[in-house]
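Sequence order for the protein chains is Y and B.
Residue numbers for the first sequence follow the UniProt record's numbering, beginning at 1 and rising by one.
Residue numbers for the second sequence follow the UniProt record's numbering, beginning at 1 and rising by one.
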Amino acid sequence: MLSVVGRYLIFLGKLFVRRETFKVYWERFIDECIAIGISSVFIVAIVAVFIGAVVCVQTRANLVSPVIPIYVVSNIVRDMTLLELSSTFMCVVLAGKVGSNIAGELGTMKITEQIDALEVMGINSASYLVLPKLLASVFTFPLLAIISGFLGILGGYLAGTLSGIITPEDYIYGIRYSFIPFNVFISIIKAIVFGFLISTISAFQGYNTRGGALEVGQASTSAVTNSCIAVLIADYLLAELLT
Amino acid sequence: MIEIKNISKSFNGRQVLDNVSGVFKKGETSLVIGASGTGKSVLLKCMLDLVRPEAGTTLYDGRDFYVGDEEDKKDIRREMGVLFQGGALFDSKTVHENVQFPLDMLTKMGEGEKKDRVEFCLHRVGLDGTGSRMPSEISGGMKKRVGIARAIVMNPKYLFCDEPNSGLDPLTSIKIDELIKEITDEFDITTVVITHDMNSVLSIGDNIMFLYKGKKLWEGNSQTILGDTVPELEEFVFCNKALSLMRAGK
């Protein structure tokens, strides 16, 4: 276990030495932002809207006491969405989509000698291939978290008002009531950290693939599993640190 | 000229290369032959420093590849062209972009100059008009040709080919062999080919090194290989039905 962590840290160090020109990274960064960020908007939107809706319906169903005001429902939807769902839950979903994609791509490049071809040309393959993915993840994950947060709250609003659980006025009041702007900041910080973990752990798994197609599949599975575990551990540590 | 001196390498305690030495001369097509698992590809990877040997050294025109800083090494790498077994083309790039890639990364050439150079190399390997196709849209033989075009685009002094005939039909194999030989002669480069294809051995082998269980067992050329009596070499060479019949005078 310790040797794997050590190799992971050495791998991270390798990303920042013998770098290529800014122009090379810029072009790859834009490509990766599209592949990692823009192509994930749809799944993030779907998950966010439905989770927001489910939280609203479940909260209302479990808050049956007449002494609790109805606007507490949207209050809970807001805080759950900002603090956990828009960052942690979304990143667990993205670990599956983005993580497996990164590990699969790099694993295939490894076993088909494409990475060797880069090395033979004197290019630092780890830096050339992984650094743009890392930067794109750290840049796009917070944007996805913001979209996810907004759509989660919107999902709760739609589910609550369309089913008659809560009036639009109560929902808006609950959203505004005792709002802590720092919670948005927490969500963004979490998304940055999770973006870093998912992209680097998945790249590490893919880059170190040996063998054939079977091993590429195993690398993808390991990438998702390890990324999810790392996200959950980091989530706990950040919760302790930031709240 | 490339000189390898006393290269040894083992994996998990298993000796894969044992004290292998040799010289690959400029303007010659040198072949490293042997059965599967004898360490041919590992030797190539050691020469390219993709795998660092436990002992020994590789000299490129007298320059030790394993010492010196990254910039020195990069200078030598710029003089290398490598054709990998499966072509190792970048899946996300077109044929033209694949060939142009080393120019993009390693030179400051203008776009027009790069385009001309890529078109020249594609023409040289007989692939005019295929630049816009993706690697997934071309045949195995064409992939090898694109791999050769990419390998020569930087005007290398050293060309390495790892089993250039694997997975190809006999006719295409012969064409690839001829192309490698022509390029070696035309550009006067040092070419090292890893192969176990006897057609290649007999048709393009200016200099041949036979590896057996990680050791260099024999060295010669395409004229001397059929007459030699080293048992392991004989077994390797005459396992080919046509050659064994020829030897028996049939």
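For every residue, glycine included, the Cβ atom is placed at its ideal position computed from N, Cα and C.
Assuming residue i contacts residue j (C-beta within less than 8 Å), just tell me the rounded distance between them.
i, j, result
"Y/ASP31", "Y/ASN183", "Contact flag wrong, Cβ pair sits at about 33 Å."
"B/GLY87", "B/GLY27", "In fact, because the Cβ distance is near 26 Å, the residues do not count as touching under 8 Å."
"B/ASP162", "B/PHE101", "Between B/PHE101 and B/ASP162 the Cβ distance is about 19 Å, and since that is not below 8 Å, they are no contact."
"B/LEU122", "B/ALA149", "5 Å"
"Y/SER74", "Y/ILE229", "Wrong, their Cβ atoms sit about 33 Å apart, outside the cutoff."
"B/ILE76", "B/PHE210", "Not a contact, Cβ separation roughly 27 Å."
"Y/VAL64", "Y/ALA159", "Not confirmed; about 18 Å, so no contact."
"B/PRO53", "B/LEU17", "7 Å"
"B/GLU178", "B/GLY22", "Their Cβ separation, rounded to whole angstroms, is 24 Å, which puts B/GLU178 and B/GLY22 out of contact at 8 Å."
"B/ILE180", "B/LEU168", "Between B/LEU168 and B/ILE180 the Cβ distance is about 13 Å, and since that is not below 8 Å, they are no contact."
"Y/VAL77", "Y/VAL55", "5 Å"
"residue 296 of chain Y", "Y/LEU237", "In the structure as shown, chain Y starts at 1 and stops at 243, and residue 296 of chain Y therefore has no counterpart that could be examined."
"Y/ILE51", "Y/LEU85", "5 Å"
Name the chain B residues that come within less than 8 Å of residue i, Cβ to Cβ?
i, result
"Y/VAL120", "LEU48, LEU50, ARG77, MET80, VAL82"
Quick one: list the residues of chain A neighbouring residue i, beta-carbon separation under 9 Å, in chain order.
i, result
"B/PRO156", "Among the protein chains of the structure shown, namely Y and B, there is no chain A."
So which residues of chain B does residue i contact, with C-beta pairs closer than 7 Å?
i, result
"Y/THR112", "GLY86, ALA88"
What does residue i touch in chain Y if you count any residue whose Cβ is under 7 Å from its own?
i, result
"B/PRO102", "MET121"
"B/GLU70", "ARG18"
Can you name, in chain order, every residue of its own chain whose Cβ lies under 7 Å from the Cβ of residue i, other than the five neighbours on each side?
i, result
"Y/ALA103", "SER202, GLN205, GLY206, ALA219, SER220, ALA223"
"B/ASP61", "MET1"
"B/VAL40", "In the sequence on display, residue 40 of chain B carries Lys and not Val. Closer than 7 Å at Cβ, skipping near neighbours: VAL32, GLY34, ILE194, LEU211."
"B/ASN221", "GLY205, ASP206, ASN207, ILE208"
"B/PHE11", "none"
"B/GLU232", "TYR212, LEU217"
"Y/ILE92", "The question names Ile, yet the displayed sequence has Val at residue 92 of chain Y. Same-chain partners within the cutoff: CYS228, VAL231."
"Y/PHE29", "PRO132, LEU135, ALA136"
"B/MET134", "THR94"
"B/THR38", "LEU211, TYR212, LYS213, GLY214"
"Y/ILE43", "VAL93, LYS97"
"Y/ALA234", "VAL193, PHE194, LEU197"
Considering Cα atoms alone, identify which of the options is closest to residue i.
i, options, result
"Y/GLU20", "Y/ILE123, Y/PHE179, Y/CYS228, Y/ASP170", "Y/ILE123"
"B/ASN6", "B/ASP228, B/CYS239, B/GLY214", "B/GLY214"
"B/ASN199", "B/GLY112, B/VAL20, B/LEU31", "B/LEU31"
"B/MET1", "B/THR191, B/PHE236, B/GLU235", "B/THR191"
"Y/LYS14", "Y/LEU134, Y/GLU113, Y/ILE70, Y/MET1", "Y/LEU134"
"Y/TYR25", "B/CYS46, B/MET105, B/ASN221, B/ASP69", "B/MET105"
"B/GLY126", "B/THR172, B/GLU113, B/ALA35", "B/THR172"
"Y/LEU162", "Y/ALA53, Y/GLU84, Y/VAL17, Y/LEU237", "Y/ALA53"
"Y/PRO69", "Y/ILE180, Y/ILE165, Y/LEU106, Y/THR200", "Y/ILE165"
"B/VAL95", "B/LYS115, B/ASP64, B/ASP18", "B/LYS115"
"Y/LEU129", "Y/TYR157, Y/GLU105, Y/VAL138", "Y/GLU105"
"B/PHE24", "B/THR58, B/LYS45, B/ASP49", "B/THR58"
"Y/VAL193", "Y/ASN208, Y/LYS23, Y/SER227", "Y/SER227"
"Y/TYR171", "Y/ASN62, Y/LEU154, Y/TYR236, Y/THR200", "Y/LEU154"
"Y/ALA35", "Y/SER199, Y/GLY212, Y/MET90, Y/ILE186", "Y/SER199"
"B/ASN165", "B/ARG117, B/THR224, B/GLY141", "B/GLY141"
"B/PHE90", "B/VAL118, B/LYS73, B/LYS108, B/SER136", "B/SER136"
"Y/THR112", "Y/TYR8, Y/GLY6, Y/GLY212", "Y/GLY212"
"Y/LEU214", "Y/ILE180, Y/GLY6, Y/GLY107", "Y/GLY107"
Note down, in chain order, every chain Y residue with its Cβ under 8 Å from the Cβ of residue i.
i, result
"B/MET105", "GLU20, VAL24, MET121, ILE123"
"B/LEU216", "Going by the sequence as given, residue 216 of chain B is Lys instead of Leu. Per Cβ cutoff of 8 Å: no residues; B/LYS216 is ~24 Å from chain Y at best."
Give a yes or no on whether the minimum CB-CB distance between residue i and chain B is below 8 Å.
i, result
"Y/ALA213", "no"
Could you name the residues of the same chain whose beta carbon sits closer than 6 Å to that of residue i, not counting the 5 residues immediately before and after it, in chain order?
i, result
"Y/PHE141", "ALA191, GLY195"
"Y/ALA48", "SER148, LEU151, GLY152"
"Y/MET109", "ILE115"
"Y/SER125", "ILE115, LEU118, GLU119"
"Y/ILE189", "none"
"B/ASP188", "GLY27"
"Y/SER11", "Strictly speaking, residue 11 of chain Y in this sequence is Phe, with Ser absent from that position. For Y/PHE11, where only same-chain residues beyond five positions count, the Cβ hits under 6 Å are PHE204."
"B/THR130", "VAL95"
"B/GLY81", "ALA151, ILE152, PRO156, LEU159"
Mind checking if residue i is an interface residue toward chain Y, Cβ cutoff 8 Å exclusive?
i, result
"B/LYS74", "yes"
Name, please, each residue of chain B whose Cβ falls closer than 9 Å to the Cβ of residue i.
i, result
"Y/ASP116", "LYS45, LEU48, LEU50, VAL82, PHE84, ALA88"
Give every residue of the same chain whose Cβ lies closer than 8 Å to the Cβ of residue i, excluding the five residues on either side of it in the sequence, and list them in chain order.
i, result
"Y/SER40", "LEU94, LYS97, VAL98, THR140, LEU144"
"B/ASP228", "TRP218, GLY220, GLU234"
"Y/TYR177", "TYR71, ASN75"
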